[in-house]
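Contents: one structure, followed by commentary.
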């Protein structure tokens, strides 16, 4: 049994599912919980994607200098801070514009910072598990590398599918009705907040626990080669 690969696969499953759950519920969260409408609501996912692309560059450099597990930890810590902010953000009153007054400007800037941090931290789900995969493959050279890659792709597909399925079931039981727009039950609003903050937070914390005994010296040796 390839213990390293099981760790990488579990890490990827946890981080990827956390990311997919966030992305799936994000538009509902922005429109229903934060009351964003129109182009501003559509711009937030774009900001997330741009931040994630920037995060790939940041964590690649951190990985080369400090090690991949260190990059994972820092990225997850940043991700966790953003999840706390997402949990605490209150509905925005943007009737007069996103920067109409001090309070509105502060709320808008906090939202932008939160989305940016989510992208920077969430990019570790794309980068770190795949960068650790060669170490797992080297630990079991008798099996073809394509087998391990296939498992990673399978986990990716399962994460996407299960994320949509899980969110649909949870929202249905919470009483969420899309046709009601902003007029949702308190339980539905709380459930949406949990799906974009607490549940992903638990998953990424479990990811750190899975990787706590990863042989960093070996990983650095591979990176330095």
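Numbering (this note's numbering), first residue to last: 1 to 225. Think of the CB as a built atom: it goes at the ideal place given N, C-alpha and C, for glycine as much as any other residue.
Ignore the nearest five residues each way along the sequence and tell me which others in residue i's own chain have a CB closer than 8 Å to its CB.
i           : result
residue 114 : 82, 85, 86 and 89
residue 26  : 44, 45, 48 and 196
residue 199 : 18 and 21
Would you decide whether residue i is buried or exposed? Buried here means 16 or more other CB atoms lie within 10 Å of its CB.
i           : result
residue 149 : exposed
residue 7   : buried
residue 185 : exposed
residue 109 : exposed
residue 275 : The first residue shown for the chain is 1 and the last is 225, placing residue 275 beyond what the model contains.
residue 136 : buried
residue 215 : exposed
Give a yes or no on whether the C-beta atoms belonging to residue i and residue j are separated by under 7 Å.
i           : j           : result
residue 164 : residue 28  : no
residue 168 : residue 19  : no
residue 48  : residue 119 : yes
residue 62  : residue 52  : no
residue 188 : residue 175 : yes
residue 11  : residue 210 : yes
residue 14  : residue 206 : yes
residue 139 : residue 4   : yes
residue 35  : residue 102 : no
Excluding five sequence neighbours on each side, which residues of the same chain lie with their C-beta closer than 7 Å to the C-beta of residue i?
i          : result
residue 98 : 40, 104 and 108
Using 8 Å as the Cβ pair cut-off and three pairs as the minimum, do the region 68-78 and the region 116-131 touch? Touching, yes, given that three or more Cβ pairs across the two stretches are closer than 8 Å.
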